[in-house]
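Q:
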Amino acid sequence: MMRKKALLALLFITPFAIFYGQKFLLSEKNVQLNYQTVKEKALLVSNEWLNPSWGKRELEQNCPSLFQKMSQVDERYLRCNPEYLKCRFKDTGKAWKVDFFSEKFPQLGYSPVFKSLSHNTSYPSKGLEMALVINDQRQMIFLENECRKVYLPQRRYLYLHSDIKEKWYWDNFKRFIYIDQYMVRNQEVKEWQIVTGQAVQSELKTYAPATHLSLSEMKNYCSFVGGHLLQAHIYDAAAVYPKQPNDPKPDSITAGPFPWTTKRMSEELFLFQKNPKRPFKIEKICAHMNSQECSQFHQILYGNQAFSSWSGMSDIMNGVSEVLDNPIEPEKNVVFFDQQLSSASPYFQLGKRIHWDEQEKEERNFPELESFPEFKWPLPLGFRCMYYSWEKATP
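Count along the sequence shown starting at 1, add 71, and that's the number in our numbering.
Below, the structure is given as structure tokens:
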């Protein structure tokens, strides 16, 4: 009877069936089984071992090696990490308990393997491949990582042109645009390099933004995971706080200089940039940014939610400059938010982009930075990817 129930469970696994933390999903494309009649049912891997409340304290107790690597990582970033899931099984030896149609199957095998297989038609994107085994029935599944992307709502937007007199509007109606929530990390680049047979730089900090790649490598990475290097106008759309968030077609669009507010004149940072000699509260200035004066206030270095925008895109003004593909002003291809800058720098505002000649990352490759000889070179440049598709026409 147990074997029949196990077989039944495997035959009716449905799309979007396995939930972990936020959005680790079993994609419908990857289900190789027959699920003709019970699509509304789900196979839940849901005991306390996969409870999303499992946080840093539990990580320290159960996965000390991973905890050491992730001690400076934001907890939301931690929960959206395949290493976290892999550790809970590999390092603790706990088996999954499956509840299906109110029947419990107490023992499942697992075989976690990292995959990054956008070139394999079996898998649409990167995630974690595992083998579920109930008695002698074995099923390979792929947990697709979808919780690292933010959706850009369909509405009218403003591109922040370098000439403030220029107003460049656009919209993304009938287009689905997703953006990497965080800059691409060294760990993700390492996985890509391993899969594609490239040399791996193992000495890099695992969860720090990947700042060592060339432009062609950045583009190749994004292409491999099914995306494109983030474009400048889409970056602006995700970063600029909309003054009319509930109106997708506003008659006019204005942009504040900071991603956390629509205000300008009352912001401590804006006033400080206008007059650096005036008294100011450093705590207020550093609340949403990581500059020369602010490192002491940020113990969470990677994925810090303080550096997020209205859309959920993180790593903004986090002290790392970011490369963009700019089809509107190709010469303005870097968002310059370097931690070596003072908070008083006007570059710590949205829309303040600089030119990189796309070669090396030394002072000579950034014409606008000739006045910064005291900088430590090469300049770290991070990046992220974007993904889009057209909305299907309604019949």
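For each residue, glycine too, the CB sits at the ideal point set by N, CA and C.
Measuring only the C-alpha atoms, how far is Lys-447 from Leu-440?
A: For Lys-447 and Leu-440, the distance between alpha carbons rounds to 12 Å.
Q: Tell me whether Gln-258 is buried or exposed, calling it buried when 16 or more other Cβ atoms sit within 10 Å of its Cβ.
A: Buried: at least 16 other Cβ atoms inside 10 Å.
Q: Which runs of the alpha helix (DSSP H) fall wholly inside the segment 301–361 and span at least 4 residues, in chain order?
A: 303–310, 339–345, 353–356, all fully within the segment 301–361.
Q: Count the C-beta pairs between the segment 310–323 and the segment 370–383 that are closer than 8 Å, then say yes if the count reaches three, no if not.
A: Contact holds: three or more Cβ-Cβ distances are below 8 Å.
Q: Under the rule that 16 or more other beta-carbon atoms within 10 Å means buried, what is Ala-270, buried or exposed?
A: Looking at its Cβ environment, which holds fewer than 16 other Cβ atoms inside 10 Å, Ala-270 is exposed.
Q: Need the endpoints of the alpha helix (DSSP H) that Phe-295 sits in, please.
A: Start and end: 286–295.
Q: Let's test the definition: count the other Cβ atoms within 10 Å of the Cβ of Gly-297 and tell me whether it reaches 16, buried, or not, exposed.
A: Gly-297 is exposed by the Cβ-count criterion.
Q: Does Ile-356 pass the burial test, meaning 16 or more other C-beta atoms within 10 Å, or should it be called exposed?
A: Result: buried.
Q: Starting from Leu-137, follow the alpha helix (DSSP H) in both directions and report where the run begins and ends.
A: Run containing Leu-137: 135–140, per the alpha helix (DSSP H) assignment.
Q: So for Cys-482, helix, strand or coil by DSSP?
A: The requested residue 482 does not occur in the structure, where the chain is confined to residues 72 to 466.
Q: List the endpoints of the continuous beta strand (DSSP E) containing Ile-265.
A: Note, Ile-265: premise wrong, no beta strand (DSSP E); alpha helix (DSSP H) at 257–266.
Q: Going by the DSSP bridge assignment, what does Cys-456 pair with across the sheet?
A: Leu-300, per the DSSP bridge assignment.
Q: Looking at the strands, I want to know which residues DSSP matches up with Arg-435.
A: DSSP, once it has assigned bridges, lists no residue as partnering Arg-435.
Q: Identify the continuous beta strand (DSSP E) that holds Ser-366 and give its terminal residues.
A: Unbroken run through Ser-366: none, as it is neither H nor E.
Q: Need the endpoints of the beta strand (DSSP E) that Ile-248 sits in, please.
A: Unbroken beta strand (DSSP E) run through Ile-248: 246–251.
Q: If Leu-450 and Val-394 are in contact, beta carbons under 8 Å, what's the gap, nearest whole angstrom?
A: Going by Cβ atoms, the distance from Leu-450 to Val-394 rounds to 11 Å, so no, they are not a contact pair.
Q: Quickly, what does DSSP pair Ser-392 with across the bridge? List them, please.
A: DSSP lists Leu-452 as partners of Ser-392.
Q: Would you list the one or two residues that DSSP bridges to Ile-387?
A: According to DSSP, Ile-387 bridges with nothing at all.
Q: With C-beta atoms as the reference, is Tyr-278 less than 7 Å away from Val-406?
A: In this structure, Val-406 does not lie closer than 7 Å to Tyr-278 by Cβ.
Q: Near Gln-370, what residues of its chain come up, given a Cβ to Cβ distance below 8 Å and the 5 sequence neighbours on each side ignored?
A: Cβ neighbours of Gln-370 beyond the five flanking positions: Gln-143.
Q: Is the beta carbon of Asn-436 within less than 6 Å of some heavy atom of the ligand PLP?
A: By its list of ligands, the structure shown contains no ligand whatsoever, and the ligand PLP lies outside what it can speak to.
Q: For Leu-223, does the three-state DSSP call read helix, strand or coil?
A: Leu-223 falls in the strand class under three-state DSSP.
Q: Please classify Pro-438 as buried or exposed, where buried requires at least 16 neighbouring CB atoms within 10 angstroms.
A: Classification of Pro-438: exposed, given that the 10 Å Cβ count is below 16.
Q: Does the structure place the segment 219–237 close enough to the segment 300–309 that three or more beta carbon pairs sit under 8 Å?
A: They touch, by the three-pair rule.
Q: Can you name the residues that DSSP bridges to Ile-425?
A: Looking at the DSSP assignment, Ile-425 forms a beta bridge with Val-405.
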